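In the numbering used here, the protein residues as written are 981 to 1183.
Here is the structure we will look at, set down as structure tokens.
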Amino acid sequence: MQVKSDEKTKLYFIALIPPKPIYDQALEYKNHFKEHYNSKASLNSPPHITLHMPFRWKEAKENELVQKLETFTKSFDPIKVCLDNFSAFPPRVIFIEVVKSEALEVIQKAIQRFCKKEFNIFNANYKEQAFHPHLTLAFRDLKKPNFKNAWEEFEKKDFKAEFIADRLALLKHTGRIWQVFKEFNLESSYTIDNQSSLATTEG
């Protein structure tokens, strides 16, 4: 069924984007999967932690989407995010594990409720699965034999990092890749001495 031009929809999703150098490290891992395991699908989006899975929205009503999300984020403080080694959803997905926290749970559930109420969007979770924050490195095009070999490489690797997530990102699909369309500051009721302060270790 064709969509009328004035009702043209695009795909969007809401996520946290890690800052440098974590962003660059995750990108290096994505490229590693492309070069060594023939899995490049994750390179179609920047490194991110999904808070609301992709949904369709009328492109002509983007301003409404942006304005309401700007209002929404004003009620949340920046969030400390901790990354802890690698994990997997066999037999396709390998990712950097995100440590669950109350703050992440609260904002994810709030986004889900907000999108249902304000935008009539109901697909916050894939097949209603519980929220499992993670940073994907390889997924749908990682073949089973390559998954086995890749997981043997990454299962015992060490990766520790943390950062302050001080903004949400709205990503938009161009028809080919995902790009950050708009970022929204999480308004803080306190001062963070160094928002870019972070630590990473790997082995």
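Glycine included, every Cβ here is placed at the ideal spot set by N, Cα and C.
Please read these numbers as outputs of a predicted model, since none were measured by experiment.
Following the DSSP letters along the chain, one finds arginine 1036 inside the beta strand (DSSP E) bounded by residues 1029-1038. Closest option to glutamate 1133, judged by alpha-carbon separation, among Leu1084, Ile1029, Ser1067, Pro1058: Ser1067. Looking at the DSSP output, tryptophan 1158 sits in a beta bridge with His1153. Between isoleucine 994 and histidine 1114 a beta carbon distance of about 15 Å is seen, past the 8 Å cut, so the two are scored as non-contacting.
One alpha carbon belongs to isoleucine 1059, the other to glutamine 1159, and they sit about 22 Å apart. Short of 6 Å from the beta carbon of alanine 1083, and not among the five residues preceding or following it, lie these beta carbons of its own chain, in chain order: Ile1059.
Restricting attention to Lys1152, Ile1144, Arg1156, the CA atom closest to the CA of lysine 1000 is found in Ile1144. Each of Phe1139, His1112, Leu1045, Phe1075 was checked against the Cα of arginine 1120, and the nearest Cα belongs to Phe1075.
Residue pairing by DSSP places valine 1061 opposite Phe1143 in a beta bridge. Contact between the stretch 1049-1063 and the stretch 1140-1155 is present, with at least three C-beta pairs closer than 8 Å. Rounded to whole angstroms, leucine 1166 and histidine 1153 show a C-alpha spacing of 23 Å.
The alpha-carbon of isoleucine 997 is positioned some 17 Å away from that of lysine 1140.
For aspartate 1064, same chain residues with a beta-carbon under 7 Å away, outside a window of 5 residues either side, are Glu1077, Val1079, Lys1140 in chain order. Excluding the 5 residues flanking it on each side, serine 1022 has same chain C-beta neighbours closer than 8 Å at Lys1010, Phe1013, Thr1116, Leu1117, Ala1118, Phe1119, in chain order. Linking glycine 1155 to phenylalanine 1056 through their CA atoms gives a straight-line distance of about 32 Å. One Cα belongs to phenylalanine 1052, the other to aspartate 1138, and the distance between them is close to 36 Å. By the CB criterion at 9 Å, isoleucine 1087 and cysteine 1095 fall outside the cutoff. According to the DSSP secondary-structure assignment, tyrosine 1003 is paired through a beta bridge with no residue. For phenylalanine 1075, the enclosing beta strand (DSSP E) stretches over residues 1073-1078.
Ranked by Cα distance from lysine 1128, the first of Phe1069, Ile1091, Phe1164 is Phe1069.
Distance check between proline 1071 and each of Lys990, Gln1005, Glu1098, Pro1125 places Pro1125 closest, using alpha-carbon atoms only.
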